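Written out below as structure tokens is the structure these notes cover.
Residue numbers (this note's numbering), protein chains in the order written: chain A, 9 to 306; chain B, 38 to 447.
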């Protein structure tokens with residue numbers, strides 16, 4: 009029942025968004041930023057991952073990106089180089105040395121973390137990004153003008169651009185498998201993972217789960233949930249035997265990334281009062297000085 | 038300044054310098070064609086970490102700042118009714134109009150889906166600083182075109198002479214121009230004020246752009262007062278840019294420099310630079326970012342160049358009588374301010390930007406530089422063509438060509 013409600017909500021949200029998009033009278037953002045209590049999240053337990061990279065393959069399959077054979081993903085040589093998600097792979101796994109046990113390295117999967125207060129949603133000039141009720145932050149190609157401001161704004165440096173396309177270059181990033189989750193399926197990476205590294209569920213429950221695991225096995229985990237509070241919280245959260253910035257993730261502030269710029273923006277444009285006040289002021293000066301120079305001429 | 042009237046200049050279009058500009062423009066256009074055929078990646082050094090390069094930092098951000106002469110002279114001359122400065126208003130307006138046209142062009146070539154450039158008109162995101170910049174620039178560009186119309190009507194009323202069969206429209210067109218002239222002269226003050234308001238809005242919002250990048254930007258530049266700093270620096274660079282151009286123009290068109298006006302404009306600069314400098318220094322002291330100046334690296338060096346060479350030295354120079362009285366020194370001082378603002382915008386958008394996961398710092402490709410240089414060359418060529426067609430530059434009333442100067446150039 010719950011799911012159906014959510015699905016209906018999507019339809020409604022999409023309809024509202026598309027109406028807003030074509031209506032010039034509507035000064036509201038064409039994007040949405042819903043912070044539902046029921047939003048979903050994923051807990052990534054980096055102590056479990058074995059680096060099989062099946063998630064990389066499944067992700068490409070789910071997003072119509074040439075994926076090749078699953079067997080090819082057993083090639084360990086790719087780990088020699090640190091990789092980032094890009095326009096050809098929306099998620100990648102990197103290998104890190106495990107100082108506690110050199111024989112079993114740490115593997116960390118990276119993708120969009122789906123912020124609760126996404127910088128991309130706030131920054132996008134046309135509102136092409138939306139945060140949906142289920143937590144996913146999704147790009148809309150029918151709006152995007154390709155300005156790449158989202159890439160400037162994102163604190164995790166996640167959105168990527170198809171630089172080598174002259175026509176319809178896309179912003180490529182993980183969309184939390186929104187097409188699959190809408191139909192009640194799991195995200196492709198979560199579903200394929202043989203080690204159950206990832207747990208998909210309501211965000212508050214997976215944070216609870218993370219806390220339980222940490223308190224049950226204090227020797228196995230560093231007591232830190234990456235993404236619980238970073239930039240105001242993300243849908244994807246990580247735990248591991250060290251803090252995540254030891255594994256190539258940026259160390260970030262806890263305040264939401266768009267906070268400062270939005271308050272400045274809204275300050276300058278508070279009900280259009282400052283611009284109108286400035287206009288009136290200049291009009292007054294113009295009138296006064298004009299009168300004076302007319303008098304001088306007489 | 039009695040006796041000076043704006044008139045179309047009667048000069049030869051092609052000179053050796055102009056031919057060089059044509060070649061530079063052509064070179065830029067070739068790379069521009071490549072960008073549209075093979076994509077942005079084929080011409081630029083941009084990548085997934087560095088999405089914005091010199092096309093945004095120079096063509097757009099610096100372009101907007103250096104076109105600020107348009108709104109600062111409009112504020113001085115039209116809003117504060119200082120008739121005295123009228124001789125520099127038209128050249129500044131032309132610079133702003135062409136400058137903003139090229140800013141729009143710069144955006145057009147930089148965005149991946151250029152054919153959707155109209156989307157912000159109907160797809161609004163009021164949270165976005167870029168949206169505000171985009172909308173304000175679009176409206177301001179329209180205002181600039183409207184402000185330019187009186188120059189067109191002045192030039193063509195009673196002189197409409199279309200070739201061949203089109204001549205049947207001569208009368209209608211003349212009537213239309215007269216009507217336009219009559220209506221506009223009554224409502225123009227609305228646009229003059231609007232132009233100033235729109236400029237203050239988007240000049241400052243251009244500064245808001247990088248705030249959302251947060252810690253990706255070096256602390257020497259990342260500050261919540263960036264919009265104020267951008268606005269103050271734009272206001273400060275307005276008059277030096279007008280002086281800079283006016284002196285180049287009088288040199289190039291073999292006219293006597295309009296020193297009395299330029300000197301008075303120059304005497305306003307120290308105050309404006311001082312206000313900008315005090316906010317810049319004050320911000321640095323309050324946030325304690327001067328600690329970053331202790332280490333010698335690209336950031337501290339570029340910051341010092343921006344402040345010392347671009348603000349402090351010209352500030353001192355503009356306070357000197359000897360500088361204000363000498364065309365050469367006035368030109369050097371103005372150039373320094375223009376250079377300082379250029380470096381500031383480059384610093385804010387390129388040098389200060391440090392994305393996570395970047396493998397190597399961004400440096401513009403030959404193609405990117407070619408396009409930027411080509412567009413600037415094209416702008417200068419258009420400026421030259423415009424002053425030959427329209428009454429922009431003021432010359433002595435009794436002479437129609439600059440060759441017959443009453444006072445020779447010193």
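Note that the Cβ used here is the ideal one computed from N, Cα and C, for glycine as well.
The model shown is predicted, which means the values in this text are computed figures rather than measured ones.
- The C-beta of residue 176 of chain A comes closer than 8 Å to at least one C-beta of chain B.
- The continuous alpha helix (DSSP H) containing residue 190 of chain A extends over residues 186–190.
- Contact between residue 119 of chain B and residue 43 of chain B is absent: CB atoms are separated by about 17 Å, not below the 8 Å threshold.
- In the structure shown, the three-state DSSP call for residue 102 of chain A is strand.
- Within chain B, the residues 116, 117, 118 and 119 have their CB atoms less than 9 Å from the CB of residue 297 of chain A, given in chain order.
- When the Cα atoms are used, residue 304 of chain B and residue 381 of chain B turn out to be separated by approximately 23 Å.
- Residue 142 of chain A and residue 48 of chain A have their alpha carbons spaced roughly 5 Å apart.
- At a C-beta separation below 7 Å, residue 394 of chain B has these neighbours in chain A: 92 and 165.
- Between the segment 342–356 of chain B and the segment 310–317 of chain B, the count of C-beta pairs closer than 8 Å reaches three or more; the two stretches touch.
- If only complete runs of 3 or more residues are kept, the segment 108–195 of chain A shows the beta strand (DSSP E) at 114–118, 137–139 and 145–147, in order along the chain.
- Contact of residue 273 of chain A with chain B by beta-carbon distance below 8 Å involves 163, 164, 165, 166, 169, 242 and 245.
- Rounded to whole angstroms, residue 384 of chain B and residue 220 of chain A show a C-alpha spacing of 47 Å.
- Of the candidates A/43, A/76 and A/82, the residue whose Cα lies closest to the Cα of residue 61 of chain A is A/82.
- Under DSSP, residue 41 of chain A shares a beta bridge with A/139.
- CA-CA distance, residue 110 of chain A to residue 205 of chain A, rounds to 20 Å.
- Under the DSSP assignment, residue 177 of chain B falls in the alpha helix (DSSP H) whose first and last residues are 166–193.
- Here the alpha carbon of residue 93 of chain B sits roughly 16 Å from the alpha carbon of residue 65 of chain B.
- Of the candidates B/234, B/388, B/83 and B/397, B/83 places its Cα closest to the Cα of residue 155 of chain A.
- Within chain B, the residues 230 have their CB atoms less than 7 Å from the CB of residue 291 of chain A, given in chain order.
- When secondary structure is reduced to three states using DSSP, residue 83 of chain A falls in the coil class, being assigned neither helix nor strand.
- Annotated three-state conformation of residue 285 of chain B is helix, per DSSP.
- Closer than 8 Å to the CB of residue 168 of chain A there is at least one CB belonging to chain B.
- Secondary structure at residue 92 of chain B: helix, using DSSP grouped into helix, strand and coil.
- Boundaries around residue 245 of chain A are those of the beta strand (DSSP E), 244–247, since no alpha helix (DSSP H) includes it.
- Residue 432 of chain B is bridged by DSSP to B/42.
- Beta-carbon to beta-carbon, residue 160 of chain A and residue 398 of chain B are separated by about 16 Å, too far to satisfy the 8 Å threshold.
- Sorting B/250, B/256 and B/340 by C-alpha distance to the C-alpha of residue 324 of chain B places B/256 at the top.
- Separation of the CB atoms of residue 69 of chain A and residue 101 of chain A is rounded to 16 Å, and the pair is thereby denied contact status at 8 Å.
- Taking all protein chains shown into account, residue 201 of chain B has fewer than 16 neighbouring C-beta atoms within 10 Å of its C-beta and is therefore exposed.
- For residue 51 of chain A, the enclosing beta strand (DSSP E) begins and ends at 48–53.
- Counting only the Cα atoms, residue 341 of chain B lies some 17 Å from residue 254 of chain B.
- CA-CA distance, residue 41 of chain A to residue 403 of chain B, rounds to 41 Å.
- Look at residue 270 of chain A: its C-beta is under 8 Å from a C-beta on chain B.
- For residue 110 of chain B, the enclosing alpha helix (DSSP H) begins and ends at 106–111.
- With a threshold of 8 Å between beta carbons, residue 247 of chain A makes no contact with chain B.
- Around the beta carbon of residue 168 of chain B, a 10 Å sphere encloses 16 or more other beta carbons of the protein chains shown; the residue is thus reported as buried.
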